[in-house]
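Top to bottom, those sequences are chains A and B. Here the first sequence is numbered in our numbering, starting from 1 and rising by one per residue. Here the second sequence is numbered in our numbering, starting from 203 and rising by one per residue.
Protein chains: 2
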Amino acid sequence: MDNDNKTMAHSNMQNAIVSIASEVFAKFGFKKTTVDDIAQALRKGKSSIYYYFKSKEDIFKAVVEKEADALREKINVILNSDLTTIDKVRAYVNTRMQAIQVMANYYTLVSERDVNNLDLIEKLRSKYDTEEVSIIKALLTEGVEQKVFQVKDIELSSVVLLTAMKGLEVPLFLEHWRTESLDTILNDMLNMLFYGIVIRNS
Amino acid sequence: MDNDNKTMAHSNMQNAIVSIASEVFAKFGFKKTTVDDIAQALRKGKSSIYYYFKSKEDIFKAVVEKEADALREKINVILNSDLTTIDKVRAYVNTRMQAIQVMANYYTLVSERDVNNLDLIEKLRSKYDTEEVSIIKALLTEGVEQKVFQVKDIELSSVVLLTAMKGLEVPLFLEHWRTESLDTILNDMLNMLFYGIVIRNS
DNA sequence: TTTTAGACCATTTAATGATTTTAGTCGAAA
DNA sequence: TTTCGACTAAAATCATTAAATGGTCTAAAA
């Protein structure tokens with residue numbers, strides 16, 4: 001078997017592990033899932049898993065990264081589209097609010113708040129928050145460049161918007177506090193963002 | 203001692219307990235503070251405390267309520283002032299963002315997230331969140347009535363604003379992530395809220 | 001009559017040692 | 001190159017015992 005096929009087979013096995021691990025982690029959570037659980041689900045020995053991954057933590061990171069990729073793909077379609085910047089922001093927020101479902105394993109780890117995993121939680125949180133702030137900054141910058149937006153402090157505004165979205169995850173997704181469709185709610189919020197609440201006389 | 207003086211004396215002792223308890227809770231947190239700690243700080247026996255309060259939880263609630271009163275007093279000055287509605291909102295947000303310092307015991311309890319106290323946390327959170335939403339609704343309603351604001355869904359907007367403020371408590375107060383003054387940061391955010399980010403051509 | 005506090009109870013928490021489980025490694029076999 | 005059984009060290013769990021704590025009772029003091 002030449003080198004490329006060997007690497008391909010290696011990758012295939014890694015992908016298989018990540019897929020199965022994703023399901024096992026989803027079922028039991030990070031803490032309660034053992035590497036032996038994952039191995040058994042793959043019908044292999046535990047040390048086989050360690051041939052492909054350095055540690056349990058690395059497997060979990062790969063799982064979360066795969067889920068993040070699914071979200072990134074959707075978001076990149078929006079960023080690269082011909083939509084107006086305003087519509088891009090709308091589409092982005094709508095898609096981003098699916099994060100809690102698409103990146104279920106990451107959110108579960110964060111909410112577990114297990115003191116033994118705070119380091120892992122902080123690593124992941126930092127990585128994905130930084131990424132999100134970059135996306136929002138890019139959108140705000142595009143809007144400013146096209147003279148559609150006026151934003152005094154893009155860095156601050158990006159963080160504020162991300163913080164607001166994250167804060168709303170709980171009432172919108174975990175508590176189901178409103179009966180209107182998510183689209184309606186997000187639309188109202190975005191209109192507040194775009195046009196403000198102060199009435200300006202023409 | 204007639205009845206009024208008796209009641210007065212009773213209240214005085216309750217106030218003394220709340221004051222001292224506030225300090226002890228602030229020092230050790232709810233969980234680590236024992237009723238005996240509070241009693242010793244007052245140079246009394248533990249069962250004396252139970253003569254004035256039904257439970258440790260009731261003492262803590264009284265402590266938090268006292269702190270909340272300090273914040274309410276400041277906010278009521280704003281609500282009852284002759285300021286324009288826009289300036290009232292500005293002043294309210296500035297004052298409200300002091301909550302994390304003025305209501306320190308409440309915030310400490312919430313961040314402890316002790317599973318044995320989730321019930322108490324939820325009771326207090328519900329109480330004070332409901333109160334805050336009412337204040338924001340009143341301000342938005344006043345603005346709409348004076349035709350200064352245009353808000354499609356006052357209930358939703360109030361909750362969104364409160365959620366955003368709460369979400370920003372961490373970066374602004376606990377992580378000191380920005381070097382500008384708090385006033386500057388809050389001002390920028392409020393301008394986003396009032397006027398939006400979309401440039402509207404006259 | 002009101003206030004106080006020591007003694008007490010039931011429950012919770014902490015400490016401890018023993019046992020089990022788990023992450024990760026090694027080396028031989030396939 | 002890949003797999004896995006055996007193994008190790010550390011971590012986690014369990015059962016038991018002791019200590020601590022929230023709260024109560026009742027008698028004494030103010």
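All C-beta atoms in this analysis are idealised placements derived from N, C-alpha and C, irrespective of residue type, glycine included. Note that the coordinates shown come from a computational prediction; the quantities given were computed from them, not determined experimentally.
Neighbourhood of residue i by C-beta, 8 Å cutoff - its chain only, sequence neighbours within 5 removed
| i | result |
| --- | --- |
| M215 (chain B) | Y254 |
| D385 (chain B) | N296 |
Residues sharing a beta bridge with residue i, DSSP
| i | result |
| --- | --- |
| V400 (chain B) | A:F149 |
Cβ-heavy atom distance, residue i to the ligand FAD, below 7 Å
| i | result |
| --- | --- |
| N187 (chain A) | Here there are no bound small molecules, and the ligand FAD is not part of this structure. |
Cross-chain neighbours of residue i in chain B, by beta carbon under 9 Å
| i | result |
| --- | --- |
| S157 (chain A) | D390, M391, M394, I399 |
| K152 (chain A) | D390, N393, M394 |
| I86 (chain A) | V400 |
Residue i: contacting residues in chain B (beta-carbon distance under 8 Å)
| i | result |
| --- | --- |
| V160 (chain A) | A366, L370, M391, M394 |
Proximal chain B residues relative to residue i, where beta-carbon distance stays under 7 Å
| i | result |
| --- | --- |
| K147 (chain A) | I401 |
| I17 (chain A) | Near I17 (chain A) there are no residues of chain B at all, since even the closest Cβ is about 33 Å away, more than 7 Å. |
| I49 (chain A) | Per Cβ cutoff of 7 Å: no residues; I49 (chain A) is ~33 Å from chain B at best. |
| I185 (chain A) | L358 |
Where residue i falls, given that 16 or more other Cβ within 10 Å makes a residue buried
| i | result |
| --- | --- |
| E145 (chain A) | exposed |
| T235 (chain B) | buried |
| M414 (chain B) | The shown model of chain B, from 203 to 404, leaves out residue 414 (chain B), and the question about it has no answer. |
| V362 (chain B) | buried |
| A223 (chain B) | buried |
| K152 (chain A) | exposed |
| M1 (chain A) | Confidence at M1 (chain A) is low in this model, with a pLDDT of 47, below 50, so its placement is unreliable and no value can be given for it. |
| A218 (chain B) | exposed |
| K147 (chain A) | exposed |
| A272 (chain B) | exposed |
| F30 (chain A) | buried |
| E269 (chain B) | buried |
| E377 (chain B) | exposed |
| K229 (chain A) | Lying outside 1 to 202, the shown extent of chain A, residue 229 (chain A) is not represented and no answer is given. |
| R96 (chain A) | buried |
| G143 (chain A) | buried |
| L118 (chain A) | exposed |
Beta-carbon neighbours of residue i, restricted to chain A and to distances below 9 Å
| i | result |
| --- | --- |
| R315 (chain B) | R113 |
Chain-ordered neighbours of residue i on chain A, where CB pairs are closer than 8 Å
| i | result |
| --- | --- |
| R380 (chain B) | L156 |
| I280 (chain B) | The contacting residues do not exist; I280 (chain B) stays about 18 Å from chain A at best. |
Residue i - containing alpha helix (DSSP H), residue span
| i | result |
| --- | --- |
| N94 (chain A) | 85-96 |
| V312 (chain B) | 306-314 |
| D82 (chain A) | Looking at the DSSP string, D82 (chain A) is not in any alpha helix (DSSP H), and its letter there is neither H nor E. |
| E169 (chain A) | 154-169 |
Neighbourhood of residue i by C-beta distance below 6 Å, restricted to the same chain and skipping five residues each side
| i | result |
| --- | --- |
| V89 (chain A) | L139 |
Neighbourhood of residue i by C-beta, 7 Å cutoff - its chain only, sequence neighbours within 5 removed
| i | result |
| --- | --- |
| G45 (chain A) | A39 |
| S359 (chain B) | L342, V353 |
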